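Written below as structure tokens is the structure these notes are about.
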Amino acid sequence: MTLPDLADQPRAPALAVTGILARRSFAIRRSTALLGLTLLGLTTAWSGATTWYILRKDDLAARLINRETSRQYAYEDRIAALRADIDRLASRALLDQDGVEARVGEIAMRQAELESKQALVSAVTETLKASGIGITQAAKASPGPRLIKPEATIRASGLSSFAPLGPSRPMPAPDMPALRGAEERSTAPWQSGEAAEPVSPAQRVAEALKQLDQAIDKSGSAQLGTLRNIDRSLGETQKSLRSALSETGLNTERLAASATIAKSVGGPFVPIKVDPAAGPFEATLHSLQPRIAAVSRLRELVGQLPLRRPIPGEIDMSSNFGYRVDPFTRGPAMHTGMDLRAEPGTPIRATAPGKVVTAEYSGGYGNMVEVEHAGGLSTRYAHMSAILVSVGQNVSSGTLVGRVGSTGRSTGPHLHYETRIEGDAMDPIRFLRAGDKLAGQL
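When you line the sequence shown up against this note's numbering, it's residues 33 to 474, in that order.
Now the structure itself:
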């Protein structure tokens, strides 16, 4: 073997090793390159995705910002609209409050007027009662109106309106707000179907004021009806008084004008000023005044005329007034009175108030009492067994003046009863008939 061959022997394995290493280096570089490319692709994709996401996120943020801005503007517009509604409702509430207060003020004025009218009606009825003037049951049964206070009516309706009618004590706020409609559901009975629409406070206030108006109108109508019933009753009383007094044959108008005034009355004169053009109430009251005065005068006259019976019980007349056959001479004679048969000792009473001017034995009259009354009238009671009054004594209707007897020119126990005006004898039966017609008013 030659030397070069020997030299080449150790280089052969080295070349093999170098080739192997070269191939491995190439393989490593390729995988590294692939890994790098992969990483580069991922990085590029991530960068693109990130860039796209960022760009997309900015657009989404812009859209979100725009949407929130639109919502904000919408909320602001809604808030502004709500504020406008609140202002409008507040203005309307103030107007409603002013309207309610004006209505309440008007109702209060009507209430005061109603009370004034009721005072006049009460004064009229008290005057009639004090004068002894009877009225029919229709007028008596007409009660005075029930006076109503505006505040009480509105509070009674259970309202807590936005328009307060006056100062009131504040109520404490509840710890927990009640559910809407809970109170109504707890008290109202169960009902099928849809619930009724709640009534607003303004509507309830308006309804309460309307009811109060109706109540005041009803009370005013009741007052007017009372006056008209009184006027109708006074008309009937005046008619019955005139009809009864016409039985006496006297000039009742003249006697009524000169009738004495009742005792123990007086006071300053305060005329009632009533304008008949103000309304039907005033017109009725104005027309009622002269009727009351006329009936009062007639009542005074009735109280002063000798219309009552001098002895109790039914009239048993044994001899009437006028021409008759004299019981002693059997000739024609004038009988100036009427003879009333009665048992001895029967009480004899004054038929009208007056003053005793004679109380003595007087010839054919026997024991006789003469009482002088108003208007030139006088009455005589004769043939009494006993005289129970004295001259100058004031007597009233029904005062005991004596007892039935048979003194003087008499044929038996009886009462000789006379009525005279200005000294002239008149038929007593006329007065007794008038008294019978007015039996319920004497």
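A virtual CB, placed ideally from N, CA and C, is assigned to each residue, including glycine. Computed from a predicted model, the values in this text were never measured in an experiment.
Please report how far the alpha carbon of VAL153 lies from the alpha carbon of SER253, in whole angstroms. Against the sequence shown, residue 153 aligns to sequence position 121. Against the sequence shown, residue 253 aligns to sequence position 221. Straight-line Cα distance between these residues: approximately 13 Å.
Looking at the structure shown, is GLU392 part of a helix, part of a strand, or coil, going by DSSP? The sequence position of residue 392 within the sequence shown is 360, counting from 1. Strand.
C-alpha gap between GLY354 and ARG452, whole angstroms: Your numbering for residue 354 matches position 322 in the sequence shown. Your numbering for residue 452 matches position 420 in the sequence shown. Their backbone Cα atoms lie some 13 Å apart in a straight line.
How is ASP249 classed by DSSP in three states: helix, strand or coil? On the sequence shown, residue 249 is found 217 positions in, with the first residue counted as 1. Helix at ASP249.
Does the distance from the C-beta atom of HIS405 to that of PRO460 stay below 9 Å? Working through the sequence shown from its first residue, we reach residue 405 at position 373. Working through the sequence shown from its first residue, we reach residue 460 at position 428. No, they are not a contact pair.
Could you please give the first and the last residue of the uninterrupted alpha helix (DSSP H) stretch that includes SER328? Counting from one through the sequence shown, the residue named residue 328 turns up at place 296. Segment 312 to 336, the alpha helix (DSSP H) holding SER328.
Per-residue burial, GLN321 [other beta carbons within 10 Å of its own, 16 or more giving buried]: Within the sequence shown, numbered from 1, the residue matching residue 321 stands at position 289. Counting Cβ neighbours within 10 Å, GLN321 comes out exposed, since fewer than 16 surround it.
Compare the C-alpha of GLN129 against each of LEU241, GLY311, LEU333 and ALA382 and name the closest. Numbered from 1 along the sequence shown, position 97 holds the residue referred to as residue 129. The candidate whose alpha carbon is nearest that of GLN129 is LEU241.
Which of the three DSSP states, helix, strand or coil, is assigned to GLY198? Indexing the sequence shown from 1 puts residue 198 at position 166. Bear in mind that a pLDDT of 42 at GLY198, under 50, signals an unreliable position, so the number given afterwards is only what the model happens to contain. Coil, per DSSP.
Segment limits, beta strand (DSSP E) that includes LEU464: Counted from its first residue, the sequence shown places residue 464 at position 432. Here LEU464 belongs to no beta strand (DSSP E); instead the alpha helix (DSSP H) covers 460 to 469.
DSSP three-state assignment for ASN352, whether helix, strand or coil: As a first step, residue 352 is located in the sequence shown; it is residue number 320 there, counting from the start. Here ASN352 sits in coil by DSSP.
Counterpart residues of LYS387 in DSSP-defined beta bridges: Locating residue 387 in the sequence shown gives position 355, counting from the first residue. Answer by DSSP bridge pairing, in chain order: GLU404 and ASN426.
Where the beta strand (DSSP E) through VAL433 begins and ends: If you number the sequence shown from 1, residue 433 lands on position 401. Element bounds for VAL433: 432 to 436.
Coil, strand or helix - SER442 by DSSP: The sequence position of residue 442 within the sequence shown is 410, counting from 1. Residue state, collapsed to three classes: coil.
Within its chain, find whatever has a CB closer than 8 Å to the CB of ILE248; leave out the 5 residues flanking it on each side and keep chain order. Within the sequence shown, the letter at position 216 stands for residue 248. Result list for ILE248: ILE139, ARG142, GLN143, LEU146 and ILE180, in chain order.
Which of the three DSSP states is assigned to ARG381 in this structure? Start at 1 with the first residue of the sequence shown, and residue 381 comes out as number 349. ARG381 falls in the strand class under three-state DSSP.
Given that a residue counts as buried once 16 or more other Cβ atoms are within 10 Å of its Cβ, and exposed if not, what is PRO204? As a first step, residue 204 is located in the sequence shown; it is residue number 172 there, counting from the start. A caution first: PRO204 carries a pLDDT of 43, below 50, which makes its placement in the model unreliable, though a value can still be read off. That one is exposed.
Which term fits ALA414, buried or exposed, when burial requires 16 or more other beta carbons within 10 angstroms of its beta carbon? Numbered from its first residue, the sequence shown carries residue 414 at position 382. ALA414 should be labelled buried.
In this structure, how does DSSP classify ALA309 when only helix, strand and coil are distinguished? As a first step, residue 309 is located in the sequence shown; it is residue number 277 there, counting from the start. Helix, per DSSP.
Roughly how far, in whole angstroms, is the beta-carbon of GLY467 from the beta-carbon of ILE380, given that I think they are within contact range, below 8 Å? Residue numbering aside, residue 467 sits at position 435 when the sequence shown is read from its first letter. Residue numbering aside, residue 380 sits at position 348 when the sequence shown is read from its first letter. With 8 Å as the limit, GLY467 and ILE380 do not qualify as a contact, their Cβ atoms being about 16 Å apart.
What's the call for GLY335, buried or exposed, on a 16-neighbour Cβ count within 10 Å? Taking the first residue of the sequence shown as 1, we reach residue 335 at position 303. Buried: at least 16 other Cβ atoms inside 10 Å.
In angstroms with no decimal places, state the Cα-to-Cα distance between VAL427 and ALA384. The sequence position of residue 427 within the sequence shown is 395, counting from 1. The sequence position of residue 384 within the sequence shown is 352, counting from 1. When rounded, the distance between both Cα atoms is 8 Å.
Do SER163 and ARG331 have their CB atoms nearer than 9 Å? Locating residue 163 in the sequence shown gives position 131, counting from the first residue. Locating residue 331 in the sequence shown gives position 299, counting from the first residue. Yes, the Cβ-Cβ distance between SER163 and ARG331 is below 9 Å.
Check each candidate in ALA238, PRO342 and GLN425 and name the one with the smallest Cα separation from ALA134. Stepping through the sequence shown from its first residue, residue 134 is reached at position 102. It is ALA238.
Checking the sheet assignment: what are the DSSP bridge partners for PRO364? Working through the sequence shown from its first residue, we reach residue 364 at position 332. Answer is VAL357.
ARG236 bridges to which residues according to DSSP? Here the question's residue 236 lines up with position 204 in the sequence shown. None; ARG236 has no bridge partner.
Quick one: using the 10 Å Cβ neighbour count with 16 as the cut-off for buried, is ILE262 buried or exposed? As a working mapping, residue 262 is identified with position 230 in the sequence shown. Buried, because 16 or more other Cβ atoms sit within 10 Å of the Cβ of ILE262.
Does the Cβ of THR82 have 16 or more other Cβ atoms within 10 Å, making it buried, or fewer, making it exposed? Position 50 of the sequence shown, counted from the start, is the residue given in the question as residue 82. By the neighbour-count rule (16 or more Cβ atoms within 10 Å), THR82 is not buried but exposed.
Around the C-beta of PHE463, are 16 or more other C-beta atoms found within 10 angstroms, so that it is buried, or is it exposed? The sequence position of residue 463 within the sequence shown is 431, counting from 1. The residue in question, PHE463, is buried, as its Cβ has 16 or more Cβ neighbours within 10 Å.
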